[in-house]
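Worksheet for the structure shown next.
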Amino acid sequence: MAQRSITSFFKPA
Amino acid sequence: MFEARLNNATTLKKILDAIKDLLNEGTFDCSDSGIQLQAMDNSHVSLVSLTLRSDGFDKFRCDRNLSMGMNLGSMAKILKCANNDDTVTIKAQDNADTVTFMFESQNQEKVSDYEMKLMNLDQEHLGIPETDYSCVVRMPAMEFARICRDLAQFSESVVICCTKEGVKFSASGDVGSANVKLAQTFNVDKEEEAIVIEMQEPVVLTFACRYLNAFTKATPLSNQVQLSMSADVPLVVEYRIAELGHIRYYLAPKIED
Numbered sequence: 001m002a003q004r005s006i007t008s009f010f011k012p013a
Numbered sequence: 001m002f003e004a005r006l007n008n009a010t011t012l013k014k015i016l017d018a019i020k021d022l023l024n025e026g027t028f029d030c031s032d033s034g035i036q037l038q039a040m041d042n043s044h045v046s047l048v049s050l051t052l053r054s055d056g057f058d059k060f061r062c063d064r065n066l067s068m069g070m071n072l073g074s075m076a077k078i079l080k081c082a083n084n085d086d087t088v089t090i091k092a093q094d095n096a097d098t099v100t101f102m103f104e105s106q107n108q109e110k111v112s113d114y115e116m117k118l119m120n121l122d123q124e125h126l127g128i129p130e131t132d133y134s135c136v137v138r139m140p141a142m143e144f145a146r147i148c149r150d151l152a153q154f155s156e157s158v159v160i161c162c163t164k165e166g167v168k169f170s171a172s173g174d175v176g177s178a179n180v181k182l183a184q185t186f187n188v189d190k191e192e193e194a195i196v197i198e199m200q201e202p203v204v205l206t207f208a209c210r211y212l213n214a215f216t217k218a219t220p221l222s223n224q225v226q227l228s229m230s231a232d233v234p235l236v237v238e239y240r241i242a243e244l245g246h247i248r249y250y251l252a253p254k255i256e257d
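Protein chains in written order, with the numbering used here: chain A, 1 to 13; chain B, 1 to 257.
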């Protein structure tokens, strides 16, 4: 299982 | 000038304990609506969002918006110097480079103040999209902490499967395999012992135990925890902070290689 990063879901505002 | 007071240091001590192991530093964004902190952990796998409303403080003054970059380890050390029943006041001048924490004992005999240098953190703010989650589970916070701790012994990952029957936490590895199934409760006398599941559609998601166990450091803040899940989006683990706000942890899921 590969861990995704939170930045692949939430972009800089 | 910025000044925020709580008549009881307990909550602020618990908030620091809830974030200091996951984050080394964070920016407290202060405005007349309250204090916000948003920061990713070092590995950028999880995000912490803390909201403390100004009306939850016993005194709150914020003349101009202020961002205070704090070393959370240092701040936790300072808060360790406060007794639970001390009054705590956080003070900073506008565009100051230090912040002062003042602790007053209940009997007014002892007043302590600790000054800490602020840091210039250019942390970018992430936009968190409004999401209508497929599953929202409310359960006892202690129960969630216990499950995360127990299952971490079996694997680095926990699979959370939520259906209308209930929510199942699973982990398997060299030791063996573990499944913890929780059914929705219907007739509990104490609200905080209830397990409530709002399900639009079933979800199955995999998360790293080490982050879930870091999130459960917030357990002393609330009797209940709320898990919000949808396919292929971060899990939200939320602890309400009575009369003050909430702390939300976002965790990116693991996916098949």
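Each residue gets a CB set at the ideal place from its N, CA and C atoms; glycine is no exception.
Checklist entry - What in chain A is Cβ-close to B/S46, meaning under 8 Å? => result Along the second sequence, read from residue 1 onward, the residue named residue 46 of chain B stands at position 46. Neighbours of B/S46 on chain A, chain order: I6.
Next on the checklist: Checking 8 Å against the spacing of the C-beta atoms, do B/N213 and B/A152 come in under that value?
Outcome noted: Position 213 of the second sequence, counting from 1, holds the residue named residue 213 of chain B. Position 152 of the second sequence, counting from 1, holds the residue named residue 152 of chain B. It is a contact, given that the beta carbons lie within the stated cut-off.
Next on the checklist: Alpha carbons only, please: which of B/F57, B/S134, B/L72 and B/D232 is nearest the one belonging to B/V48?
Outcome noted: Here residue 48 of chain B corresponds to residue number 48 of the second sequence, with the count starting at 1. Out of B/F57, B/S134, B/L72 and B/D232, B/L72 has the C-alpha closest to the C-alpha of B/V48.
Item to check | the region 49-58 of chain B / the region 234-250 of chain B touching (three or more Cβ pairs under 8 Å) | outcome: yes
Checklist entry - Leaving out five residues before and five after B/V136 in sequence, what residues of the same chain have Cβ atoms less than 6 Å from its Cβ? => result For the purposes of this step, residue 136 of chain B is taken as the residue at position 136 of the second sequence. Counting only Cβ-Cβ distances below 6 Å, and skipping sequence neighbours, we find E198 and S228.
Next on the checklist: Which same chain residues end up closer than 8 Å to B/K80 when comparing Cβ atoms and leaving out the 5 residues on each side of it in sequence?
Outcome noted: Counted from its first residue, the second sequence places residue 80 of chain B at position 80. Same-chain partners within the cutoff: K13.
Next on the checklist: On a Cα-Cα basis, can you pick out the residue from B/D29, B/I35, B/T11 and B/H44 that is closest to B/L251?
Outcome noted: Within the second sequence, numbered from 1, the residue matching residue 251 of chain B stands at position 251. Nearest of B/D29, B/I35, B/T11 and B/H44 to B/L251, Cα basis: B/H44.
Next on the checklist: Between B/T51 and chain A, is the shortest Cβ-Cβ distance under 8 Å, so that the two count as touching?
Outcome noted: Residue mapping note: residue 51 of chain B aligns to position 51 of the second sequence, counting from 1. Chain A, which has no Cβ nearer than 8 Å to the Cβ of B/T51, makes this no.
Checklist entry - Going by alpha carbons, who is nearest to B/L37 out of B/G69, B/L6, B/D58 and B/A178? => result Locating residue 37 of chain B in the second sequence gives position 37, where the first residue counts as 1. The option with the nearest alpha carbon to B/L37 is B/G69.
Item to check | Paired residues, beta bridge with B/R5 - DSSP | outcome: Position 5 of the second sequence, counted from the start, is the residue given in the question as residue 5 of chain B. B/K59 and B/T89.
Next on the checklist: Just to confirm the assignment, what range does the alpha helix (DSSP H) spanning B/E143 have?
Outcome noted: In the second sequence, the residue the question calls residue 143 of chain B occupies position 143. Unbroken alpha helix (DSSP H) run through B/E143: A141 to L151.
Checklist entry - From B/L121, B/E25 and B/E109, pick the residue whose C-alpha is nearest to that of B/M269; which is it? => result Examination of residue 269 of chain B is not possible in this model, given that chain B is present from 1 through 257 alone.
Item to check | Three CB pairs or more closer than 8 Å across the region 184-196 of chain B and the region 99-113 of chain B | outcome: no
Checklist entry - So, is the C-beta of B/D257 closer than 8 Å to a C-beta in chain A? => result Position 257 of the second sequence, counted from the first residue, corresponds to residue 257 of chain B. Chain A, which has a Cβ nearer than 8 Å to the Cβ of B/D257, makes this yes.
Checklist entry - Do you know how far the Cα of B/D94 is from the Cα of B/P253? => result For the purposes of this step, residue 253 of chain B is identified with residue 253 of the second sequence, where counting begins at 1. For the purposes of this step, residue 94 of chain B is identified with residue 94 of the second sequence, where counting begins at 1. Taking the straight line from one Cα to the other gives about 40 Å.
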